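Its first residue numbered 249, the sequence shown is counted upward by one per residue in this note's numbering.
Only one structure is covered here, and it is reproduced in the block below.
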Amino acid sequence: MRKAVRTCVASAVCAAIFIACGARTGLPVGEGSTEVVGPPKSSGFCVHADYRAGFSDVSIHMILDKSGSMLDGNKWSSATAALSALVDDPSAAGLGFGLQYFPLGASCDADKFAIPEVPIAPLPTNAARVKASLARQTPGGDTPTLPAIRGGLEYARAQQLADPTRAVVLALLTDGRPDDCESTTQNVAATASQGATSDPRVLTFVIGLANGYVDAMNSIAAAGGTGKAILINEDPMTAQQLVKTMKELRDTQRLCRYAVPSPGDATMTQLDLTITYKPTPDEKPIDVPLVAGQPACGANGGFYVDDPARPTLVALCPSTCSTVHAASASSVNVTAGCGLGAPDGGVFEGGDGGGFCTGIVQFDCVPFCGSTDLRSPVCVGRDWVCPSGTVSTDACTSCTPIPHGCCKGDGTLAQASCVNGNWVCPPGSNIFGSPGCTPPAVCAPLLPCGPGQYCKTPDFSCGTGSVAGSCAPIPSGCAPGAQACGCDGQLYTSTCAAASVGVDLSNSGSCTIPGGTFACGPLFCRNGSEVCEHIQDFTKGAAPNSFACLTAPCNRNACPTCPAGRACTSSCSGDGTVLTCTVL
249 MRKAVRTCVA SAVCAAIFIA CGARTGLPVG EGSTEVVGPP KSSGFCVHAD
299 YRAGFSDVSI HMILDKSGSM LDGNKWSSAT AALSALVDDP SAAGLGFGLQ
349 YFPLGASCDA DKFAIPEVPI APLPTNAARV KASLARQTPG GDTPTLPAIR
399 GGLEYARAQQ LADPTRAVVL ALLTDGRPDD CESTTQNVAA TASQGATSDP
449 RVLTFVIGLA NGYVDAMNSI AAAGGTGKAI LINEDPMTAQ QLVKTMKELR
499 DTQRLCRYAV PSPGDATMTQ LDLTITYKPT PDEKPIDVPL VAGQPACGAN
549 GGFYVDDPAR PTLVALCPST CSTVHAASAS SVNVTAGCGL GAPDGGVFEG
599 GDGGGFCTGI VQFDCVPFCG STDLRSPVCV GRDWVCPSGT VSTDACTSCT
649 PIPHGCCKGD GTLAQASCVN GNWVCPPGSN IFGSPGCTPP AVCAPLLPCG
699 PGQYCKTPDF SCGTGSVAGS CAPIPSGCAP GAQACGCDGQ LYTSTCAAAS
749 VGVDLSNSGS CTIPGGTFAC GPLFCRNGSE VCEHIQDFTK GAAPNSFACL
799 TAPCNRNACP TCPAGRACTS SCSGDGTVLT CTVL
């Protein structure tokens with residue numbers, strides 16, 4: 249069959265962008281008067297960039313390289329100093345920030361990277377947790393960038409789904425070329441590209457140490473929809489570069505500033521730009537007029553550029569920006585060229601007769617998945633699509649990533665299967681996000697609870713097991729209790745103390761056992777004066793275990809709460825007695 253041709257350049261936010269009140273960075277605002285007249289837009293090139301627009305603020309999930317090469321020179325100290333400066337900067341207040349590292353031991357499991365070391369929360373709420381986490385790290389190992397990016401995108405998508413009003417982006421801070429766990433520049437870039445083009449869309453910024461593998465970092469950033477890597481030097485005094493970059497990224501979302509997609513070597517002026525926005529995905533695009541700089545905005549709004557002769561940045565007038573932000577599902581399209589038809593041999597087929605489609609498109613259309621009756625895509629508007637009554641062959645073999653899987657009726661989780669482009673759950677279960685499978689009744693690390701709550705899993709697996717969690721209120725005051733191991737690997741003075749900072753309990757043995765104690769599930773009981781009560785209550789379904797430290801002599805050999813007629817066993821380990829009661 250004949251292949252259609254389409255070019256799709258999804259350029260994103262520039263690393264250097266101007267901020268409000270006339271302040272300048274690398275790309276200054278064009279504030280002078282410019283006469284807006286001229287011929288129709290060029291047909292010599294045709295590129296687009298689409299931006300989600302209805303965001304009230306931004307959250308950044310940082311993936312920090314702690315491989316052995318970060319110990320060379322001042323790399324690690326520079327990176328940690330920059331991040332500490334960012335979370336402490338008063339002007340960053342309200343910016344969402346989360347943190348994860350790579351490598352994580354020898355693991356290549358993307359699901360492990362998807363559980364953040366520090367979950368996203370607005371600054372300065374989690375500034376202390378970020379700095380404490382940074383202080384605990386010791387660089388070493390290789391650079392498994394592929395599972396780190398996959399896990400980071402999975403977490404960021406879940407955060408975006410949980411709060412569609414806040415933009416979530418991924419920021420990879422690294423010096424290295426991807427290696428280990430099948431990581432190559434090519435497959436990491438492909439994963440970043442999937443994040444930038446899937447729904448919900450998550451862009452990947454790359455913040456690189458200037459003496460690292462710059463070409464690899466630029467390739468990943470370009471595929472992730474952010475142009476090229478943002479480079480900072482090793483000198484800790486340049487930490488302010490990162491602070492400035494992150495605040496500018498937030499301003500881009502808040503203040504409606506968008507990068508102009510690049511048409512390659514073509515010469516472009518502001519007259520080659522077309523800006524439209526849609527309040528919802530199903531509405532027709534609304535044209536935004538070009539005005540001669542910010543002073544010319546007026547009540548009717550419009551857009552203006554940084555350089556009329558060679559525009560690289562578009563800004564919406566304040567009134568237009570307010571209109572765009574008023575609709576939470578709005579989007580803005582920035583188009584360069586595309587004025588007089590399909591250039592460079594582009595083919596028009598069917599559609600509305602007014603489309604322009606260029607480049608190579610790598611899909612066919614079929615009446616149904618599994619059919620061998622291949623049909624040609626048609627050009628509709630600006631995109632190649634399948635004719636009515638057919639589906640893309642790509643949709644038959646790929647599914648948009650989802651945060652988790654399915655909820656079963658017994659309180660456990662199940663894996664969804666990709667069938668004909670759609671996620672399908674096993675019989676008797678529902679997909680995450682559907683009724684009965686959403687917080688607060690159901691939660692997991694990647695399907696978070698609302699403000700004032702945290703996700704509590706009854707099997708103490710921190711969401712890595714097969715049992716779904718539920719949202720529980722974060723307590724405001726705590727009484728003394730047995731020491732407990734948190735899902736963040738930290739030791740807490742009690743179960744309540746962990747819950748007060750939104751941390752669930754872990755039974756994985758990831759915490760160091762304090763002196764004079766022994767492990768009791770996620771708890772630590774005192775040797776010689778306490779026994780561990782372990783209740784296995786199989787009448788409670790998927791998670792039958794509960795643990796408690798009871799004041800009792802070591803030689804106590806009876807289950808204190810075991811109902812009559814139920815099995816009861818005990819065992820001693822050093823000075824620690826474990827009493828196990830099984831309820832069937």
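We put the beta carbon where it would ideally sit given N, CA and C, even for glycine.
Only a predicted model underlies this, so the values are computations on that prediction, with no experimental measurement involved.
Quick check on residue 326: does DSSP put it in helix, strand or coil?
helix
Segment limits, alpha helix (DSSP H) that includes residue 381:
375 to 384
Per DSSP, the bridge partner or partners of residue 416:
307
When 719, 362, 709 and 344 are compared against residue 351, the one with the closest alpha-carbon:
362
Proximity below 8 angstroms, CB of residue 405 to CB of residue 448
yes
Where residue 756 and residue 359 are concerned, what is the direct C-alpha to C-alpha distance, given to the nearest angstrom?
16 angstroms
Residue ranges of each alpha helix (DSSP H) run of no fewer than 4 residues wholly in the stretch 740 to 783, ordered along the chain?
743 to 747
How would you call residue 377, buried or exposed, if buried means at least 16 neighbouring beta carbons within 10 angstroms?
buried
Integer Cβ distance of residue 734 from residue 751, believed to fall under 8 angstroms
4 angstroms
Assign residue 531 to buried or exposed, taking buried as 16 or more other Cβ atoms, counted over all protein chains shown, within 10 Å of its Cβ.
exposed
Can you give me the Cβ contacts of residue 701 inside the same chain, cut-off strictly under 7 angstroms, excluding the 5 residues immediately before and after it?
Excluding the 5 residues flanking it on each side, residue 701 has same chain C-beta neighbours closer than 7 angstroms at 688, 719, 720, 721 and 722, in chain order.
What does residue 350 pair with, by DSSP beta-bridge criteria?
DSSP output for residue 350 lists 313 as bridge partner(s).
Segment limits, beta strand (DSSP E) that includes residue 201:
Not covered by the structure: residue 201. The range shown for the chain is 249 to 832.
With DSSP collapsed to three states, give me the class of residue 405.
The three-state reading of DSSP puts residue 405 in helix, counting H, G and I together.
Could you check how far apart the C-beta atoms of residue 428 and residue 390 are, in whole angstroms? I think they sit under 8 angstroms.
Indeed, because the Cβ distance is near 4 angstroms, the residues count as touching under 8 angstroms.
Considering Cα atoms alone, identify which of 394, 387, 382 and 413 is closest to residue 874.
Residue 874 is absent from the structure shown; the chain starts at 249 and stops at 832.
Taking 6 angstroms as the limit between beta carbons, can you name the residues of its chain near residue 328, skipping five residues before and five after?
382
Note the first and the last residue of the continuous alpha helix (DSSP H) segment covering residue 445.
433 to 445
Inter-residue spacing [alpha-carbon to alpha-carbon] between residue 703 and residue 494
29 angstroms
Please list the terminal residues of the continuous alpha helix (DSSP H) segment that includes residue 566.
566 to 573
Residues in its own chain within less than 7 angstroms of residue 375 by CB, not counting five upstream and five downstream?
335 and 336
Cβ neighbours of residue 569 in the same chain (closer than 6 angstroms, five flanking residues each side left out):
504
Roughly how many angstroms separate the alpha carbons of residue 553 and residue 410, rounded to a whole number?
When rounded, the separation of the alpha-carbon atoms in residue 553 and residue 410 is 34 angstroms.
Which residues does DSSP list as the beta-bridge partners of residue 339?
Residue pairing by DSSP leaves residue 339 without any beta bridge partner.
Mapping the DSSP letters down to three states, classify residue 369 as helix, strand or coil.
strand
Whose C-alpha, out of 519, 793 and 764, is nearest the C-alpha of residue 582?
519
Nearest neighbour of residue 692, chosen from 612, 402, 625 and 477 [CA to CA]:
For residue 692, the closest C-alpha among the options 612, 402, 625 and 477 is that of 402.
Considering only C-alpha positions, which residue in the set 393, 738, 461 and 446 is nearest to residue 357?
393
Is the Cβ-Cβ distance between residue 310 and residue 346 less than 8 angstroms?
yes
Below 8 angstroms on the Cβ atoms is my guess for residue 508 versus residue 559; work out the distance and round it to an integer in Å.
5 angstroms
By how many angstroms is the C-alpha of residue 640 removed from the C-alpha of residue 792?
46 angstroms
So, for residue 313: in the same chain, excluding its five sequence neighbours on each side, which residues have a beta-carbon less than 7 angstroms away from its beta-carbon?
350, 391, 421, 422, 423 and 424
I need the straight-line Cα distance from residue 437 to residue 753, nearest angstrom please.
36 angstroms
Put residue 467 into one of helix, strand or coil per three-state DSSP.
Residue state, collapsed to three classes: helix.
Give the range of the alpha helix (DSSP H) segment to which residue 361 is assigned.
358 to 361
Exposed or buried, residue 683, counting other C-beta atoms within 10 Å across all chains shown (16 or more means buried)?
exposed
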